[in-house]
Amino acid sequence: VYQHWLKADDDGVEEGGGQGERAVKKARVEAASDGHGHHEHSHEGHSHGGEGHQDHGDHVHESRSAVEQTALERETEDSPDQRLADALYRTLISKNIISAADVQRYIDAIDSLGTEMVGPKLVARACSDPAF
Numbered sequence: 001v002y003q004h005w006l007k008a009d010d011d012g013v014e015e016g017g018g019q020g021e022r023a024v025k026k027a028r029v030e031a032a033s034d035g036h037g038h039h040e041h042s043h044e045g046h047s048h049g050g051e052g053h054q055d056h057g058d059h060v061h062e063s064r065s066a067v068e069q070t071a072l073e074r075e076t077e078d079s080p081d082q083r084l085a086d087a088l089y090r091t092l093i094s095k096n097i098i099s100a101a102d103v104q105r106y107i108d109a110i111d112s113l114g115t116e117m118v119g120p121k122l123v124a125r126a127c128s129d130p131a132f
């Protein structure tokens, strides 16, 4: 790991995540606002100094702490879509249309897509099996 922002950052995070994790994230964002940022150096034609945000003419780079604070603020509330999905889930479970175990199986199946490496196995078989 060559940059501080690439390192695993799990110090002080409560087991299982939750509000404790959010508080830790918030504390880190606040603490990072005074530190050395990734873009505190110069390039020809523009500077990445520590002045909060940098304007490159066609785009702007906000400071890391500002970007992280914005992300943190956006994840504090469920979106209307998330509230709708939660209500639908509760309704389907309460009416015995689907079980929580069924939903978990579907989630697990979707999460495992791409991890079975079917494509490489298919290519290997095609290369090694003349009858394929």
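First residue of the sequence shown: 1, per full-length UniProt numbering; consecutive thereafter. Even for Gly, the Cβ is constructed at its ideal location relative to N, Cα and C. Predicted model, so just to flag it, every value in this text is computed and none were measured.
Cβ pair residue i, residue j closer than 8 Å
i: residue 100; j: residue 93; result: yes
i: residue 126; j: residue 132; result: yes
i: residue 89; j: residue 103; result: yes
Burial state of residue i (16 or more Cβ within 10 Å)
i: residue 161; result: With the chain covering only 1 through 132, there is no way to say anything about residue 161.
Residue range of the alpha helix (DSSP H) that includes residue i
i: residue 68; result: 64-74
i: residue 110; result: 100-112
i: residue 87; result: 80-94
i: residue 57; result: No alpha helix (DSSP H) holds residue 57; DSSP gives it neither H nor E.
i: residue 120; result: 118-128
Residue i at chain D interface by Cβ criterion, 8 Å
i: residue 117; result: Protein chains in the displayed structure number just one, and chain D is not present.
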